[in-house]
Each structure stands twice: as structure tokens, then as C-alpha cells.
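Chains as they are written, first to last, in full-length UniProt numbering: chain A, 1 to 481; chain B, 1 to 481; chain C, 1 to 481.
Data block below; observations after.
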Amino acid sequence: MKTTLISLLSATFLLANAAFAGSDVARPNILLILTDDQGYADVGFNNQQTDVVTPNLDALANNGLVFNSAYVAHPFCGPSRAALMTGRYPHKIGSQFNLPVGGSSTGIDVNETFISKTLQQAGYFTGAIGKWHLGELEPYHPNNRGFDEFYGFLGGGHDYFPSQYRPKYEHLKKQGITRMYDYITPLQHNGKEVRESEYITDALSREAIRFINTAADNKQQPFFLYLAYNAPHVPLEATEEDLARFAHIKDKKRRTYAAMVYAVDRGIENITKALKDSGQFDNTLIVFLSDNGGNTSKGGVNTPLREGKGSAHEGGHRVPMMVHWPDGLARSGNYAYPVSALDLYPTFANLAGAELNPGKILDGVDIWPHLMANTSARAGQSLFMMRHRTAAHDVSVRRDQWKAVRTKKTGKWQLFDIENDMSEKHDLSAKHPRILEDMIRDIAHWSWSNVPPRWFHIHEEGDLWRQHDMPRFSETFTNKQ
Amino acid sequence: MKTTLISLLSATFLLANAAFAGSDVARPNILLILTDDQGYADVGFNNQQTDVVTPNLDALANNGLVFNSAYVAHPFCGPSRAALMTGRYPHKIGSQFNLPVGGSSTGIDVNETFISKTLQQAGYFTGAIGKWHLGELEPYHPNNRGFDEFYGFLGGGHDYFPSQYRPKYEHLKKQGITRMYDYITPLQHNGKEVRESEYITDALSREAIRFINTAADNKQQPFFLYLAYNAPHVPLEATEEDLARFAHIKDKKRRTYAAMVYAVDRGIENITKALKDSGQFDNTLIVFLSDNGGNTSKGGVNTPLREGKGSAHEGGHRVPMMVHWPDGLARSGNYAYPVSALDLYPTFANLAGAELNPGKILDGVDIWPHLMANTSARAGQSLFMMRHRTAAHDVSVRRDQWKAVRTKKTGKWQLFDIENDMSEKHDLSAKHPRILEDMIRDIAHWSWSNVPPRWFHIHEEGDLWRQHDMPRFSETFTNKQ
Amino acid sequence: MKTTLISLLSATFLLANAAFAGSDVARPNILLILTDDQGYADVGFNNQQTDVVTPNLDALANNGLVFNSAYVAHPFCGPSRAALMTGRYPHKIGSQFNLPVGGSSTGIDVNETFISKTLQQAGYFTGAIGKWHLGELEPYHPNNRGFDEFYGFLGGGHDYFPSQYRPKYEHLKKQGITRMYDYITPLQHNGKEVRESEYITDALSREAIRFINTAADNKQQPFFLYLAYNAPHVPLEATEEDLARFAHIKDKKRRTYAAMVYAVDRGIENITKALKDSGQFDNTLIVFLSDNGGNTSKGGVNTPLREGKGSAHEGGHRVPMMVHWPDGLARSGNYAYPVSALDLYPTFANLAGAELNPGKILDGVDIWPHLMANTSARAGQSLFMMRHRTAAHDVSVRRDQWKAVRTKKTGKWQLFDIENDMSEKHDLSAKHPRILEDMIRDIAHWSWSNVPPRWFHIHEEGDLWRQHDMPRFSETFTNKQ
């Protein structure tokens, strides 16, 4: 009888693990490395011959798969990260804008189960290190969204040198000021303030190694580590050593940016070593990508893509990306079909044999079988991008070789054969009106299940939204000059 | 001990079936036949002497109950059907508009349990045949809303001749067009495309008979069949045979319309026969009604009611309706008190001994005891109708013998003694201001729990809604000239 | 085995009672007395030497704790009561406005568990007597929100003399009018109409005593009684006997008001006696407070506070309050630190050893340990007040000794040292701009999780809200002249 009872109660758990239980293959560790505002051209493995140097990333890429057409769900970091964690377009969960400045009393809808929670429920040991930017209050804290471990900061970015930001923080605190610029507030470990002393990129790499070593001692559980560097996001701050390596770069911004990327790459060298030393390297799936395009006014380069961070053109949301997994990846080289950061949730869940919570909706697809077979994961299906603006929005649709795009600035729809015109130079809308019309209908159709933003970056933005009776989709989805 | 455990787990299920379990009467099969845009005068049993002929419907009506004052919840088909399936005013669940054209990524709120689900949970074998129009994506599909079987089309209508619409579909598909007019896309059976070859009305009747025969083989379960003909909705297309029968009608639209209604009636003849042949006729509750008033510019006639489809006057939302059930109906003739399509959910659930899901709200009442006793099911209580328009709305309130109505066009409230002035000719608002005022307060009160539309028919409509700061109820509920 | 099974099923219940189960102290009865629009100066125990007389309240206060700085969450009664019952700022649950006039089809969000429900689930015998004003339909009825017993009226107020209001009600009813002014409709007991004959204040006191005596017979359960007098809210109606006692007051409004407050105090005398007679006095926690500031145009006095009911200044939302509990209160005298009506929910729940429902959010804190230790319950943390107006709102922030306030009328932020300037006379905003700025950021931050109002008091108000593109927080939170 006792057995019966226990079986009954354990059914859900057993079910959750059923997918891998019968399999011979051990479930992989998953290391998801996200950088902030790193441009398409700002990794060595994309072969754009810029002055940025990423030898360790390149080494992984050489033995892994490089994604030529990887998209994030939004060209800004808050919505892009929300999509990564929830597997949903930010427009479906009200997180189309960065969270309000100055800390906020809201966060990503608690009804959306994060990938970390799904993996945690499936038995993974989970950690988040670095930038969070998905909500600061208790219900939104990483430890309440599926992460056993959190080391980092909750806001949208951070200054890099504790010796410089700490005194500013202490000064304001002494005056009784509680609402200060969060780039200078202390880092935390599982909700407890820590006094960090290292250059932040190095500190995050250090903590990632600590996590990896802890995970190695824990033979029962595979790990999921979400390592979210704030580099090379502003403020542009690099160590003297790293800057010295790029002394030949004239432009100071670019020189610092290159040094910051290099610091990340140095971290990846050490992380790789820690994985190897602990015997976990071969069965760790490493995924590397940037959260959005490079900010071209802050040192980033997206060559040969058009425009950068924030844009509906490729430079805004097509990002450097690669995966590496000796035990699991059946081939190396390139994968040229479009993939989305939205696809990571279902892909990770399936690789981990994790069951989704009832009712969980996912906007992406499991790309793994397609990576192996080198087939398109969404033949005939569209990927959407929408950045809200007052009046008409900036939008794009990627379907097979086509990209349709409309920005508020141009006020008209354009169509590019993005496979053959990566830089979006030749508008084919007049040549293929039927295809363009079909793609516009695709995004108009998609938009019907969008929900209003649950917050705006600043109150003024929300007030403008209402004053202009947004979202006014009819203007965006009309194809008239 | 084992028994204890099982009892505990089964409690909910047992409870759900308790109502009928102790009863001597077998639960009825339920056959709900809905037509599309069929006018009040366009059935024989309403005795309006039009050129429409419905001998088989009339035969059922003669042995059943005819409803003189049956209302649907909205004068358009999407909201009307949403009300039928959910038992809720569409204004309470955000479905006040037809779903967006061109297919849509939304549908009736998944938190609303359909009557089909309630009956399915109570042990019924359930089927939907014909037009759906309640959502096309997976969560909104009939098979996920309580229907074991679905044969038909998901959109708001369909062309009638496969030989004509199929080539158009094939042509567009060949060009890679995915978002085409859904009146020409293939029908489906439980999500799988089928190649239909019959005139659609005949195809739907055929499938209804197939369902009825399958149900007859299944002695364990009573059935619920929702047979939703798209006839006589446009496009006006009839078979040569049926047209020949109405060659005497000069007006081509009306001739075709009459032929289309006749095709439905032919189907009902065969369905009746199938019920009889399979021994199910006596214990099948047949309910027939139209989803809204006849479209007077497309062949429909609502005599003696004022106006037609879309109107707040009687022609818009007062519909032909009858019930037939040899084993269960204790009387035949007429039922003159007001009833609503909203009442079918609680009535069916009670007849089926079905338990409602916790928290399920219903806006209608179980009319069965009142039909038997020939008493009013809502003495002193109001039925509401509201069609959203930009600025003020078209609204009506029916309470006992009174009908209050206000349209955007007239801009003023009128009051009719609808029992004695079925055609809404004599405005009594000046004579009974107190009663009118009370009814306006009734609808103003009702409106406080309305929710904003979850979609509009086209994006422009939503943009106008916001630009005009809708719903602006204060204008609608003010009784000033 | 049976034990195992039962243990399993009872776990939640046992957990809920764990806090008190191991304790030696019996859980207290809780008697929450709320008056309506009673001013800060209109109790004897606040020592403002007005012409109002409250000897019985004062006697309790003398042996209890008097709160110098007690705030309600809103300066109007509907939102204030919603906060009291839910423990949430009304702005977080859409109840920022009084419910619609003339009865309404909506009410406080059913997902919010009331304190009464939490206590009921923890084993308390619960009663509500008097004014409800939190929703009239079945899901919102007191009996569905955790009250075993309800005697009173569902609307926002009531006439006081049955002999006067009853004939008006009968007259309208005879005409078939169903939507009448609810101040004249009959009272009810658990949903059933009763024919009350006493002056309403006396009737409510009588029913409170009946409840207390019933509770005394029930040794198994402690009680929670929510006694919500509508006095001294308008209409200003008092008995001849009470009026005679205040014949010396010239102003008729004030004379009647004083008599109405005196009637409440007479009731408290009898209630106190009933508690003593039934042996429950020593272990009953009595909490007395007003729902908002006194209405200065209707007889209320808030001296020395600035303005009255409806205001963001202290007179609007700082209220008379005291607690009394012989068995549990370790000290008497004054408590000068700020507390909020929001704090009662967590405080009561903890004293009762009650478990919160999963996911229940509370905006207040358990003040009990701080009352005992005479320490601040929210050092460095803010209390917020926001009354929506068209265009900018009236708002205030209380933090430690500071109060920041901005009204639509002045259009500028002011800062007061409220500990030393209770009457808000000396604006220190120019002297402490940094502190003011920090407090504005506090409320701007708080507002991000506000939700739109779920209703307005009248439809016009909602229409204006939309026409003016509210909430337009950027205007309110800007500190520019």
C-alpha cells in the first residue's frame, strides 16, 4: 500500500524524467553564455576581420556549430532576455520594453515558467551569474525563477571597477538616499549583498568556475549555468592589461570595447579549462550568443549587417552565436538556416528530458534534430521582430530566404532576399508584391495575440503610448506608400 | 484501504455524474442545429408565409415547442456563437467582435469551459460539424474544447462547391501564399485536411448522419452533436436541383437563399431518418436556431421584425427557434416568454446531469422547468444586447413585455411594448419614463463587469476604438435627447 | 496506513495552525470596529477637545494603545475598505474608486483572499455587521468572502430610520422599479431580507452583541467580528435622545454628527459589557479606527490635521485609531510611529496563527512586535497614498519623519517634517531637495505595479479617464514647478 501511495505521488516527477530515463545517453550539462550588445562582427568566428580578438570562443566554434542566421526576439536587452528565459515573444507576455529605470516594482510575469525552473524541476543544478534585468522584487528574483544559485546584479547593467563605484554608493547611502542609479549598487549572492573587489567581467568568470566546480562534486545532477556577462555594454571600462593589448586601435571607444570583449574571452579560456579539469567538458553543451546587435555608437561593429542595436534591420537582432558539445554534436561547421533565441527553451528542455508545466506555451521550436540533419527548423514559417515606437512600429519578418521590414523612419515595407543580400541593399518589394503581402499578413496575424506592455522604460513613454492611442497596428501593417 | 484511496480520487468524477446516476430517466442525446444568418421569417414554423419552404423542420416543430421570443446574445455570428458555447455574454469574455479576418492567432478565452467540454466530462460523446469561427490555433481547436469529433472549417464561412473553390486554393498554394481567404481552404477532420467533394451543406448533413450512426453503436454514452451549417450565409450558392424547385422566385438572391435553406431542410430529413433508424429519435433533444437575424441585403427576411442582422432591433437578434424531444417534452405548441441562447448551456448541463467546473459563471438560466410549466424563466429580469460602435453603441434591453433600445443612428432611447408591438412601431418612452429609466439603469449596471474586446475584426477597428477612447458608456446610458 | 493517508491530507490544515498550536497563549478574538468618515479630532482619546463625546472608546483607549500616526490606504471609503480586507493597496487590485453607484455587477477581485477568509480557514468564527461596499453580486457577498455571518447592507451607506426609508422603498417597489437608491433598500441577514425596525446604529450594536454571545457559546473557535458602522456618514440622522444630549451645539450638522458618534459610543459600551459578561473581554483584541478622514462639510473635524476626507493632506487619510487587549498588550499609552490599515491583515493573521493562501501578496507588515517594543515598523520605508484625478493625481509619501505631498490643485511637490509639523504648514522641499527627490522616486517606483481601475464610480469618470489618456504618471512624478 505504501508503495501505491508513493507511486501516486511521484507520478508527476517520474513523468518529468521519463524522456531521458530510458535513454543510454547522459543528459548534458548546459552552459549558456550571453554577452551584452556584442556585435555580429565582434567575434573571430564570424570571420569579419575586425580588430576584436576572441581566440577561445573561436576554438570552441571551430569544433562546434556556428550560426549564420541567429536572431534574438528583440533588439533591446530586457525584452531579448525575457524571451530567452520564457521561450515567448516579449509581445505575448507584456515585456516589450526594458524594465523601468531606477529599480522597479514589477518584473516578468510570474505565470511564465522560466527555462531554469523547467530544468530545475527536471533535476538540474541551476545557476545564474551576472546581469539579471528581469525583475528585482522577491517574486522576480533569480532564486524564485528556478536558479539554485545567483551571483550578480539585478539591474540592467553595472559599472566594472568596484574601487570606483563603491565610494559613490557609500556617499549616497550615507545621505539616506535609497533610490540611486543601480549601476553602482553592490552585487549579491542569493539575495545577500557581497563586497566584490575584482573587475566585474573577471569576477563573473571566477564565479562561473566556482559553480562548475561545485557542480562537478555533485555527481547526481547535471548543471544548467546561465552566465550573463554585462560586457561589452557601456560603461566602456577595461583593465589596463587588456587595453594594452589593443593599444594599436586609435578610437578610444573601440579600443576599450575590444579590451572588454577580450576579457570575456579570457574568462572563457578559464571556464573551458575548469570544465576540462573537472571532466565535464565533453558532456557540456556550450551555447554562446549576444543579447542583441552591437551598439555602433558605443564601439560595436555588425559588419556586414545593416544598422545595429535597436534596429529592425539585421544589425539590430541578428547576433553572433555558436554551440559546442563533444558528446552530443554529430557535426561541426555552419548552420545557415534561421534560428531564434526562442528556440533554446524547447531545445534545452528536450535535451534534458524535462517536462513542461501544464499550459506552458512556447513560441520557438526544438532545433536540435534540424542542426544534426542540417535542415531548416521552420521552413515556410516566419520569425517576427517588433520594436514599439510611437505611431508606427519598427517590424520585420524573416521567412525562408526572405526578410520583410518596415521602420517608422522609412514608413514603407521593403523586401530583401536576405540569403543573397545579407546587408539589405536591394529592395525587392516591387518585384515580389505577393510574397511581401503574405508576410505582412503573417505578422498582422501574429500581432492579434500580442498583449499591451506591462511597463515602459520611463513613465513618459507610457503616457505617450496612451496619448497616441497605441498600438495603432493598422498603420504598421498597411502596405501603402 | 485501497477502496478508501480510490473513493477519494474518484470523488470528483462521481459527483459530476451524481445528478443523473440516481435517476430513472436516461440522459438525452442533444442535437444542436445552428444555421447562419437565417431570418425569423425564413422557417415555415414561424408562419410568416414567405417563399421559403422547410417541411422537415416544420414537422419537428409541430411535435415540439416553438419559441416566439428567442434571442441570441449578439447580432453577429462570432459573438453569438461564443455566447452559445460558453454560456456567457460575449462582453464578459472579450469576444464582442468577430475574430480577425485572414485567420488569427487568438480565440475564445481558454479559461471559459465550453458546453461541449462540460458534457464531455459528464460522459457524453461529442461532435462538432460545420463552421467553427471560435479560434483556429491549437488551444482553440474544437478537439481541445470538448469535441471528440470535428468535421468542418475553422473560419467564419466557406464557399459551397469544392469544384469551384479548390482550383483557386491550389493556384495560390503553388505560389507559396500561406495567408489566403479562408473560404476556399480545405475542410478538415480532427485537424487533418480532407478533400471534400460534395456541396458543403450536403457534406455536413452526411457527416452528421455518420456521427449519429457512430453514436448509436456506442451504447455507453449519450451524444452531443453541434451541427453548424454555414447556410444560408453568403456566398449565395445553391445546387441546380434546389434552385429548380424555386424557379418561381424572381429575385435571384432570394431564389438562391430559399434553395440553400431547402438544402438544410433536406439534410434534416435525412438526419431525422438516421435518428429513427438507429432508435435514437425519441430520446434525442433537437434544438434548432439561427445564430442571428437574416441579412436582408443577402436574401434573408425577418418579417414582422424590424431590421435584420447586426441591428439592436428585433430583426437583428430575435431568431427562429424550436425544440423537439419525444421522451422528454411534456407539451407542444408555443413558448412566448423571452429565452436566450445563453440559456442553452445551463439547460443542457442540467438535462445531462453534468457538473460545472469550479468557478464557471453562466449568464443564462435553466429554462427547462419553465418550458414545461409555461412560465417565464426570467420574470422581472433583463436580457441585454450590445453591439459596439464607434462613439455610442447600439443597445437593447428586454424585460418582461418591455423592450428598451438605443441606436447610434437615432441617438435616443426608445421603449416598446414588444409583446403587443413586435415590429417596434410605437415608442412609449414618453409614456413610461420611469420604466425606461429603470431598464437603462439595468444595462448600465450590467456593463460594469464588461471587459474590453480581446480582438477586433480588423486592426483599423481597434485603432478607432482607442482613438475614440471607447467604450464611452456614459453617452450610451444617458437618456437625453 | 490510514494514519499516513490522513496525515498527508491534513498537512495543509495542520500547517495553518502550527503557529499557535505549540503556544501556551490562546488565540485572541478579534473585534475590528470601523466607523465611516469619523474625523481625527472626533474621538475623546485624541485629546483635541472638540464637542464630540466618546467616554467608552476613551476608556478602552486608556487601557490600550493609541495610534498617533495611523493611516488608511485611501481617503475614500470603498478603496480604504478594500485595502483593509485584502491587505493590498487598492491601486494593486484595481479598486481605486468607490464601486459604481446604483448597485454594480462587479466587486473586489475574487482572487484576493480577504482577512476574514484567512481567519476562517484558520478556524475562526467570523462575522461582518454593517456596511459592506465591496461588491453586491454572489461572488462578492460577505458570506463568500470568509464571513460565516453577515447582517447589514451591501451598498456604500444607508438611511438610519426604518420608519422613514421603508415607505419610500415600498412605494418604488410597487411601481416595478428595481434599480433604486440603495440607502433605502432593506437590510439583510446572510442574503435574506430582514425587516429592521431600530435606528441603524443601535441595530448594528445589537447584532454585534448577538454575535458575541453566539461566539461565547462556541468554545472551540475564537471569533473575528468586523463591525462596520455607517455612522457618522451622511445622511446626518440621529435619535431625539442623542440629539438632546448635544442641544448646546449651535450648528445643526455638527450637533447631529456628535449625536451619531455618541450613538456609536453607546453601542461600544454595550458591546464591552457583552464581552465582559461572556468572559471574553480579556482575550479579545479590539481595534478601532475610521475608514478615512472626517468630511468637514458634513460635520467632521480633523484638528490639527490639514483638510479632510478625500485629501492627500493628513486630514484625508490619517485617522483616529486604538487597540485594546488585556491578555495580549504588554504596554499602554501611545504609539507614534506610522502604521497603516494595510498592516492589520498580516498582524491579525500572525496573532491567529493563520497561514496565508499560496501566492497571497500583502503590502503591509506585522506591527505587533513593534507595538510591543515601541519601535518603527517601517524604518526607512514609505507609505503611499494616491487619489486619482483627471490629469495629475493627488499623492503623498510618508517615510520616517517626512511627508512628501503633491496635489493637482497646487501642482507642485511639498515636503513636511510631519513629526514636528503635523498640520503641514512649513514646506521644506527647498531645504531638502535630495530627500524629496528620493521619496518621489519611491512612489514612482511603487506605481509601476499599479493596475488600471477595474471600475469607476460613474461611467462619466471612466470616459474622462480614457479621454485624458490616464494615468499620466509622468506629470505627477515630475518635480518641476
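Here a beta-carbon is modelled for each residue, glycine too, at the ideal position from N, C-alpha and C.
Cβ neighbour criterion (16 or more within 10 Å) applied to residue i
i, result
"N390/C", "First, the amino acid is wrong: residue 390/C is Thr here, not Asn. With fewer than 16 other Cβ atoms within 10 Å, it is exposed."
"Q96/B", "buried"
"N302/B", "buried"
"P471/B", "buried"
"E170/B", "exposed"
"K309/B", "buried"
"G22/A", "The predicted position of G22/A is uncertain, since its pLDDT is 39 and thus under 50; a value taken from the coordinates is nonetheless stated next. Its Cβ having fewer than 16 others within 10 Å, G22/A is exposed."
"Q280/A", "buried"
"F473/B", "buried"
"G411/C", "exposed"
"T35/C", "buried"
"R331/A", "exposed"
"V110/B", "exposed"
According to DSSP, residues forming a beta bridge with residue i
i, result
"Q401/B", "DSSP, once it has assigned bridges, lists no residue as partnering Q401/B."
"F153/C", "K131/C"
"K192/B", "H189/B"
"G107/B", "G135/B"
"Q164/B", "Answer by DSSP bridge pairing: none, since Q164/B is not bridged."
"I33/A", "L227/A and F288/A"
"W325/C", "For W325/C, which the question treats as bridged, DSSP gives no partner whatsoever."
Collapsed DSSP secondary structure at residue i in the structure displayed
i, result
"M385/C", "strand"
"L371/A", "helix"
"Q467/A", "helix"
"Y40/C", "coil"
"D363/B", "coil"
"R318/A", "strand"
"R245/A", "helix"
"Y337/B", "coil"
Proximity to residue i [Cα-Cα], best of the options
i, options, result
"A392/B", "I212/B, E475/B, I177/B and H189/B", "E475/B"
"A258/B", "V234/B, D366/B and F281/B", "V234/B"
"E241/A", "N213/A, T256/A, P326/A and K409/A", "T256/A"
"H445/A", "H459/B, H432/B and R88/B", "H459/B"
"Q221/B", "D282/B, Q121/B and T347/B", "Q121/B"
"I249/A", "V53/A, S449/A and R466/A", "V53/A"
"M321/C", "Q175/C, K131/C, Y335/C and E207/C", "Y335/C"
"F211/A", "F288/A, L154/A and F125/A", "F125/A"
"P358/B", "G127/C, P139/C, G130/C and G64/C", "P139/C"
"R81/A", "G135/A, N62/A and V397/A", "G135/A"
Residues near residue i by beta carbon distance below 8 angstroms, same chain, minus five either side
i, result
"W413/A", "A404, V405, R406, S429, L436, I440 and N479"
"N47/A", "none"
Contacts around residue i, its chain only, beta-carbon distance under 7 angstroms, and the 5 residues preceding and following it disregarded
i, result
"F114/A", "M85, T86, R145 and G146"
"N56/A", "D265, I268, E269 and T272"
"F348/A", "I30, I115 and L119"
"S376/C", "Y337 and H370"
"N143/B", "F150, N190 and G191"
"R306/A", "H313, E314, G315, S423 and E424"
"L356/B", "T118 and A349"
Same chain only: Cβ atoms within 6 angstroms of residue i, ignoring 5 sequence neighbours per side
i, result
"I129/B", "Y151, G152, L204, E207, A208 and L227"
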